[in-house]
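Please read the structure below before turning to the comments.
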Amino acid sequence: MDFKFSKDLDDSSNQAVDGSKGNQNVLLIVLLVLVGGFAYVYFFTGLIKPLKVQKPVEAQLPQVVKKPIPTREGELGKGSATNVPSEINKESAAASAGKPEPAKVSQASPVVVPVAKEAPKLKEEAKKLEAAKPAVKKPQPALAEKKGQKPAAVKVDANKTAPVEKKPPVAAEKKEVTAKKAVDKQKAVGGEVKVKKTAAKPEKKPAAAPGQAGSGRWTVMVGSYLLEDALAVDLVRVRKAGLEVSVVPGARKKTQMNRLFLAEYSDRSAAQAELDKIRRHTSDAFIMDHGGKYAVYAGSYLLNERALSEKERLTAAGFPLALKLAEVSIPSKSLTAGTFSDKKTAEAALKKLKSAGVKANLSQQ
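Per my numbering, the sequence shown runs over residues 4 to 368.
Here it is as structure tokens:
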């Protein structure tokens, strides 16, 4: 009994397994059929198309149409005047050719809208170029007229330059006239020179008129001085007389000087040593070269009295001296008491100096 029960259970389980397997097989078959049908429809019928990913369209920059540059008046010729419209047409054609045509896009692409908007712009630019053509043509006649006027200007210039060509003969004539005048002057001067040469004979100068005797500048000359002491004394006297004083360097004068001779040495160093000794007592000592020998002098004096007194003093100091005479050229100084334009005023100043005890004379310049 138990055995039979277990056998029934096994049969029922087997049937259940077989039923589930059958369902799976049916599902697989249905799935395969669907896949095959989808593949057929996709690959062979063309009903299902893959979605095309559209790339972002780059915005086209607006192209600037280059307009013709207006040529200058002097450079624009006849040929250029006629070629302006053709050049404008060429540029407009190049501009239209340079712009890209609207691309053929599939129905799904939204790029058609901006291309449609550019078409009116091209038409407007073409209209503007056509309107600009007559404006370019207008100045051409004026330029042609100006060019036509240029030869006239050249003619006028030629007429102006015509008298200039005639001027060189006039200048040449002037040069000839001046040359003739110069020759005449030279001849006249030559004649005068000849006359002077022939008439140059020793003649006595006419005596000056009595009215001209007092003309010129008159200077009151006080004197020429070699000694500073004498100059100082007269200088004070002239100033006391109320006259202007002026001391001017004069010419050198040869005069006899009294020299105090000390000793003579053949060696310069020995003479210098002796000079250093005597300079402790007088500042007038000096050395003179006489043919390779060096003579030491205690001083040179214009006045004999001064020389003798100095000799006595230095001899007492232990320096035996000998008095020697020598002719020396020494500078002088001139003292004047003013310059006057009138002889009468100069004579009045001279009287003042004489009354002050100063000897003076007049010198006419």
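The C-beta atom is built at its ideal place from N, Cα and C for all residues, glycine as well. If you're wondering where the values come from, they're calculated on a predicted model, not measured in any experiment.
Problem set entry | Simplified DSSP state of residue 354, which is helix, strand or coil | Start at 1 with the first residue of the sequence shown, and residue 354 comes out as number 351. Helix at residue 354.
For this session: Pair every Cβ in the region 282-297 with every Cβ in the region 229-249, then say whether three or more of these pairs are closer than 8 Å.
Result: Contact between the region 282-297 and the region 229-249 is absent: fewer than 3 CB-CB pairs across the two stretches fall below 8 Å.
For this session: Examine the ligand HEM and report whether any of its heavy atoms sits within less than 7 Å of the Cβ of residue 289.
Result: Ligands in the displayed structure: none, and consequently the ligand HEM is not present.
For this session: Just mark residue 281 as buried or exposed, buried being the case when its beta carbon has 16 or more other beta carbons within 10 Å.
Result: Along the sequence shown, one-based indexing puts residue 281 at 278. Counting Cβ neighbours within 10 Å, residue 281 comes out buried, since at least 16 surround it.
Problem set entry | Touching by the beta-carbon criterion (3+ pairs, under 8 Å), the region 271-280 and the region 245-261 | No, the region 271-280 is not in contact with the region 245-261.
Problem set entry | Exposed unless 16 or more other CB atoms sit within 10 angstroms - verdict on residue 354 | For this step, residue 354 is matched to residue 351 along the sequence shown. Counting Cβ neighbours within 10 Å, residue 354 comes out exposed, since fewer than 16 surround it.
Exercise. Could you give the uninterrupted runs of the beta strand (DSSP E) lying entirely in the region 309-346, keeping only those of 3 residues or more?
Worked result: Within the region 309-346, the complete beta strand (DSSP E) runs of at least 3 residues are 325-333, 336-343.
Exercise. Which residues does DSSP pair with residue 257 in a beta bridge?
Worked result: Within the sequence shown, the letter at position 254 stands for residue 257. Note: residue 257 sits in a beta bridge opposite 332.
For this session: Pull up the distance between the alpha-carbon of residue 325 and that of residue 253, whole angstroms please.
Result: Start at 1 with the first residue of the sequence shown, and residue 325 comes out as number 322. Start at 1 with the first residue of the sequence shown, and residue 253 comes out as number 250. About 32 Å.
Exercise. Beta strand (DSSP E) containing residue 280: first to last residue?
Worked result: Locating residue 280 in the sequence shown gives position 277, counting from the first residue. For residue 280, there is no enclosing beta strand (DSSP E); the enclosing alpha helix (DSSP H) covers residues 271-281.
For this session: Could you tell me whether the region 217-230 touches the region 321-341, using the rule of 3 or more Cβ pairs below 8 Å?
Result: Touching, per the Cβ criterion.
Exercise. Would DSSP call residue 365 helix, strand or coil?
Worked result: Here residue 365 is taken as the residue at index 362 of the sequence shown, counted from 1. Under the three-state reduction of DSSP output, residue 365 falls in the strand class.
For this session: Use the C-beta contact count for residue 308: other C-beta atoms within 10 angstroms, 16 or more gives buried, fewer gives exposed.
Result: Translated into positions along the sequence shown, residue 308 becomes position 305. Residue 308 counts as exposed, since fewer than 16 other C-beta atoms from the protein chains shown sit within 10 angstroms of its C-beta.
For this session: Quick one: using the 10 Å Cβ neighbour count with 16 as the cut-off for buried, is residue 75 buried or exposed?
Result: Position 72 of the sequence shown, counting from 1, holds the residue named residue 75. Flag for residue 75 reads exposed.
For this session: For residue 30, count neighbouring Cβ atoms within 10 angstroms of its own Cβ and tell me buried if that reaches 16, exposed if not.
Result: Locating residue 30 in the sequence shown gives position 27, where the first residue counts as 1. Exposed.
Exercise. Hey, residue 304 and residue 313 are a contact pair by Cβ (cut 8 Å); roughly how many whole angstroms apart?
Worked result: Mapped onto the sequence shown, residue 304 falls at position 301. Mapped onto the sequence shown, residue 313 falls at position 310. Separation of the CB atoms of residue 304 and residue 313 is rounded to 7 Å, and the pair is thereby assigned contact status at 8 Å.
For this session: Output yes or no for whether 8 Å exceeds the beta carbon distance between residue 299 and residue 328.
Result: The residue labelled residue 299 in the question sits at position 296 within the sequence shown. The residue labelled residue 328 in the question sits at position 325 within the sequence shown. Against a cut-off of 8 Å, the Cβ pair of residue 328 and residue 299 comes out as no contact.
Exercise. By a C-beta neighbour count over all protein chains shown, 10 Å radius and 16 as the cutoff for buried, is residue 40 buried or exposed?
Worked result: Taking the first residue of the sequence shown as 1, we reach residue 40 at position 37. Residue 40 is exposed by the Cβ-count criterion.
Exercise. DSSP state of residue 70, grouped into three classes?
Worked result: Walking along the sequence shown from the start, residue 70 turns up at place 67. Reduced to three states, the DSSP call for residue 70 is coil.
For this session: Compute the distance between the beta-carbons of residue 341 and residue 223, then report whether it is under 8 Å.
Result: For the purposes of this step, residue 341 is taken as residue 338 along the sequence shown, with counting starting at 1. For the purposes of this step, residue 223 is taken as residue 220 along the sequence shown, with counting starting at 1. Yes. Within cutoff.
Exercise. CB-CB under 7 Å to residue 344, same chain, minus the five flanking residues each way: which ones, in chain order?
Worked result: Taking the sequence shown and counting its residues from 1, the one referred to as residue 344 is at position 341. Once the five neighbours on either side are set aside, the close Cβ partners of residue 344 are 220.
Problem set entry | Distance between residue 279 and residue 349 (C-alpha atoms, nearest Å) | Here the question's residue 349 lines up with position 346 in the sequence shown. Here the question's residue 279 lines up with position 276 in the sequence shown. Going by the C-alpha atoms only, they are around 53 Å apart.
For this session: Tell me whether residue 322 is buried or exposed, calling it buried when 16 or more other Cβ atoms sit within 10 Å of its Cβ.
Result: Counting from 1 along the sequence shown, the entry for residue 322 is found at position 319. It counts as buried.
Exercise. I think residue 297 touches residue 330, with their Cβ atoms under 8 Å apart; what is that distance to the nearest whole Å?
Worked result: As a first step, residue 297 is located in the sequence shown; it is residue number 294 there, counting from the start. As a first step, residue 330 is located in the sequence shown; it is residue number 327 there, counting from the start. Approximately 21 Å separates the beta-carbon atoms of residue 297 and residue 330; this is outside 8 Å, ruling out the contact.
For this session: Whole angstroms is fine: what's the gap from residue 44's alpha carbon to residue 50's?
Result: As a working mapping, residue 44 is identified with position 41 in the sequence shown. As a working mapping, residue 50 is identified with position 47 in the sequence shown. About 7 Å.
For this session: Report the rounded CA-to-CA distance for residue 237 versus residue 295, giving the unit in angstroms.
Result: Along the sequence shown, one-based indexing puts residue 237 at 234. Along the sequence shown, one-based indexing puts residue 295 at 292. For residue 237 and residue 295, the gap between their C-alpha atoms comes out near 44 Å.
For this session: Just confirm the distance between the C-beta atoms of residue 261 and residue 320, as a whole number of angstroms; I'd bet it's less than 8 Å.
Result: Working through the sequence shown from its first residue, we reach residue 261 at position 258. Working through the sequence shown from its first residue, we reach residue 320 at position 317. Going by Cβ atoms, the distance from residue 261 to residue 320 rounds to 19 Å, so no, they are not a contact pair.
Exercise. Rounded to a whole number of angstroms, what is the C-alpha to C-alpha distance between residue 437 and residue 347?
Worked result: Residue 437 lies beyond the range of the chain shown here (4 to 368); nothing can be said about it.
Exercise. What distance in whole Å lies between the Cβ atoms of residue 246 and residue 352, which are believed to be in contact at a cut-off of 8 Å?
Worked result: Working through the sequence shown from its first residue, we reach residue 352 at position 349. Working through the sequence shown from its first residue, we reach residue 246 at position 243. Sure, about 6 Å apart at Cβ, within 8 Å.
Problem set entry | Nearest to residue 292 (by Cα), restricted to the options 22, 232, 270, 70 | Counted from its first residue, the sequence shown places residue 292 at position 289. With respect to the C-alpha of residue 292, the residue from 22, 232, 270, 70 having the closest C-alpha is 270.
Problem set entry | Host beta strand (DSSP E) of residue 225 (start-end) | Position 222 of the sequence shown, counted from the start, is the residue given in the question as residue 225. That run of the beta strand (DSSP E) goes 221-228.
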